[in-house]
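These protein sequences, in sequence, are chains Y and X. Its first residue numbered 345, the first sequence is counted upward by one per residue in the numbering used here. Its first residue numbered 345, the second sequence is counted upward by one per residue in the numbering used here. Heads up, the beta-carbon is just placed ideally off N, CA and C, and yes, glycines get one too. Just so we're clear, the structure is a prediction, and the values are computed from it rather than from any experiment. Working notes for the structure below.
2 protein chains.
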Amino acid sequence: MTKTRAELTELEGTILGVVRRGGPMTAYAVRSVFLSSVSAEWSGSAGAVYPAITRLVRAGFLKESAVHDGRRSKTYALTRSGIAANDSWICDIGRAAGAGQDPFRIRAALWSLLPASRRRAMAKALIEEMKKRQTAVTAGLQNRGDPDAIMDQLYCMLLEQRIGWIKEKFS
Amino acid sequence: MTKTRAELTELEGTILGVVRRGGPMTAYAVRSVFLSSVSAEWSGSAGAVYPAITRLVRAGFLKESAVHDGRRSKTYALTRSGIAANDSWICDIGRAAGAGQDPFRIRAALWSLLPASRRRAMAKALIEEMKKRQTAVTAGLQNRGDPDAIMDQLYCMLLEQRIGWIKEKFS
DNA sequence: GTGCCCATGTAATCTGTTACATGATTAG
DNA sequence: CTAATCATGTAACAGATTACATGGGCAC
């Protein structure tokens, strides 16, 4: 009886998704996706990714793939049960309907407490930052053969809606 | 020299915000806010809230308030520096512009991998769940003198946008 | 008086972060 | 050859979760 956790963490599920979409790849490549992504908010730290992959291998969801690149790298791919596990993870309605610990919403609820001048300054700076990120994401969408396309598109929509909301409320 | 962390965690900042808006209150009352909130996604676990409040007291951001309720409860309120700390936390542009580890976006990026029938079933169930949450949040907005109003409103907007997006993409 | 909610806390565990350590391979 | 990048990992630490432990006050 191997002790098995009931559900994948968000990081584990995301790693499976990245490998599934990106084809057989190394742990390092998975990290790079996180490190370079504008909208996937993980540090991509080795201390998280390597242990997570170890867990996924032990659980039988990832296996070392035959594909190698001449380096000393290990390349991973999803197993059958890895695909099944990822399927039910992406179909987890309860989690998909939530917004996580959204740092924008949590703050927005408190902005009314600020003095008007500071609130206006904050709104202006925030809109600028959001537009900058939209630009960065849009540029990324054009340059790449893009695995992150949908996530980035949704992030852009989110930013668009929020910029509108801030303008309406704090201007 | 007391060792002081540079920035508040999301939980710490949120606790300060809850106490600031809700007036002097007990740790238990803070937990109840998290436990009952549809849109603030924390477990409200004692093991997170009590230690966090202890840290905030030690940092000088919360103090035991004079207000008591006849029980053995301790009631907390923000200090001057607690208000200042919360102000700069809610004005943290870098974090406010992000969307956190949004469980919807991460999954949406992978739904194209599902067989069409399963995808349609998932889309239908998800829309239902989202509508249910909208109803719950809307009901809450009417019943209460509401501290969570803005956060819940933004959650509703988010759900509205996503329901539209799912319908457009997966129907 | 007994069950339920108020109220506070701790212990074990898990996951993720930062920072460090190491070495292979390739581009200039 | 040497610097940058590829590549893998560990150690110390922080923060959150679940589950447990405890006890006071109130309603029936």
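Let me know the secondary structure DSSP gives residue i once reduced to three states.
i          : result
Gly-489(X) : Low per-residue confidence applies at Gly-489(X): pLDDT is 49, beneath 50, and the placement is therefore not dependable, though the value from the model is reported in the following sentence. Here Gly-489(X) sits in coil by DSSP.
Lys-476(X) : helix
Met-345(Y) : Bear in mind that a pLDDT of 44 at Met-345(Y), under 50, signals an unreliable position, so the number given afterwards is only what the model happens to contain. Residue state, collapsed to three classes: coil.
Thr-358(Y) : helix
Asp-446(Y) : coil
Gly-366(X) : helix
Tyr-499(Y) : helix
Thr-353(X) : coil
Leu-458(Y) : coil
Ala-453(Y) : coil
Gln-505(X) : helix
Ile-510(X) : helix
Ser-515(Y) : coil
For the candidate residues the options, whose alpha-carbon lies nearest to that of residue i?
i          : options                                        : result
Tyr-420(X) : Ala-429(X), Gly-404(X), Asp-431(X)             : Gly-404(X)
Phe-448(X) : Arg-439(Y), Arg-451(Y), Ala-453(Y), Ile-450(Y) : Arg-439(Y)
Glu-354(Y) : Ala-429(Y), Ala-467(Y), Ser-417(Y)             : Ala-429(Y)
Lys-513(X) : Val-377(X), Leu-379(X), Ala-467(X), Gly-484(X) : Ala-467(X)
Ser-515(X) : Arg-399(X), Ser-461(X), Glu-408(X)             : Ser-461(X)
Gln-445(X) : Gly-388(Y), Ser-417(Y), Lys-511(Y), Gly-508(Y) : Gly-388(Y)
Ala-441(Y) : Leu-379(X), Ser-417(X), Gln-505(X), Ser-376(X) : Gln-505(X)
Arg-416(Y) : Arg-451(Y), Lys-475(Y), Val-393(Y), Met-369(Y) : Met-369(Y)
Arg-402(Y) : Ile-510(Y), Arg-349(Y), Arg-464(Y)             : Arg-349(Y)
Ile-507(Y) : Met-495(Y), Asp-496(Y), Leu-400(Y), Lys-475(Y) : Lys-475(Y)
Ala-453(Y) : Ile-510(Y), Lys-418(Y), Phe-378(Y), Ala-465(Y) : Ile-510(Y)
Val-393(Y) : Glu-408(Y), Ser-409(Y), Ser-376(Y), Lys-407(Y) : Ser-376(Y)
Met-495(Y) : Arg-464(Y), Thr-358(Y), Glu-408(Y)             : Thr-358(Y)
Pro-395(Y) : Arg-463(Y), Ala-371(Y), Ala-465(Y)             : Ala-371(Y)
Leu-360(X) : Gly-391(X), Ala-390(X), Leu-400(X)             : Leu-400(X)
Ala-373(Y) : Lys-418(Y), Ala-483(Y), Ile-450(Y), Lys-407(Y) : Lys-418(Y)
Check the Cβ of residue i against every Cβ in chain X and list those closer than 7 Å, keeping chain order.
i          : result
Arg-477(Y) : Ala-441
Thr-358(Y) : Ile-450
Ile-397(Y) : Those do not exist, as Ile-397(Y) stays about 17 Å from chain X at its closest Cβ, beyond 7 Å.
Using the beta-carbon of each residue, which ones in chain Y are nearer than 9 Å to residue i?
i          : result
Ala-469(X) : Cys-435, Ile-437
Phe-448(X) : Arg-439, Ala-440, Ala-441, Gly-442, Ala-443, Gly-444, Leu-498
Met-466(X) : Ile-434, Cys-435, Ile-437, Ala-440
Using a cut-off of 9 Å between C-beta atoms, extract the partners of residue i located in chain X.
i          : result
Glu-473(Y) : Ile-437, Gly-438, Ala-440, Ala-441
Gly-361(Y) : Ile-450, Arg-451, Ala-453, Leu-454, Leu-457
Can residue i be considered in contact with the ligand COA, in the sense that its beta carbon sits closer than 7 Å to one or more heavy atoms?
i          : result
Ile-427(X) : As far as ligands go, the structure on display features none, and thus does not contain the ligand COA.
Run down chain Y in chain order and give the residues with a C-beta less than 8 Å from the C-beta of residue i.
i          : result
Ser-383(X) : Ala-443, Arg-449
Glu-354(X) : Gln-445, Pro-447, Ile-450
Met-495(X) : Arg-449, Ile-450, Ala-452, Ala-453
Starting from the beta carbon of residue i, find every residue of chain X whose beta carbon is closer than 8 Å, and list them in chain order.
i          : result
Met-501(Y) : Gln-505, Trp-509
Ala-428(Y) : Those within 8 Å of Ala-428(Y) in chain X number zero; the least Cβ separation is about 12 Å.
Arg-364(Y) : Leu-454, Leu-457
Problem set entry | Inter-stretch contact (C-beta, 8 Å, three-pair minimum) for the segment 428 to 443 of chain Y and the segment 467 to 479 of chain Y | Contact fails between the segment 428 to 443 of chain Y and the segment 467 to 479 of chain Y, because fewer than three Cβ pairs, one in each stretch, are under 8 Å apart.
Problem set entry | Segment contact, 8 Å Cβ cut-off, at least three pairs: the segment 355 to 369 of chain Y with the segment 449 to 460 of chain X | Short answer: they touch.
For this session: Report yes or no: do three or more beta-carbon pairs, one from the segment 495 to 508 of chain Y and one from the segment 380 to 399 of chain Y, lie closer than 8 Å?
Result: Short answer: they touch.
Exercise. Quick one: any contact between the segment 466 to 473 of chain Y and the segment 419 to 431 of chain X, if contact means 3 or more CB pairs under 8 Å?
Worked result: Not touching, per the Cβ criterion.
Exercise. Which whole runs of the alpha helix (DSSP H) in the segment 370 to 443 of chain X are 4 residues long or more, in chain order?
Worked result: You should have 371 to 380, 390 to 402, 424 to 434, 437 to 440.
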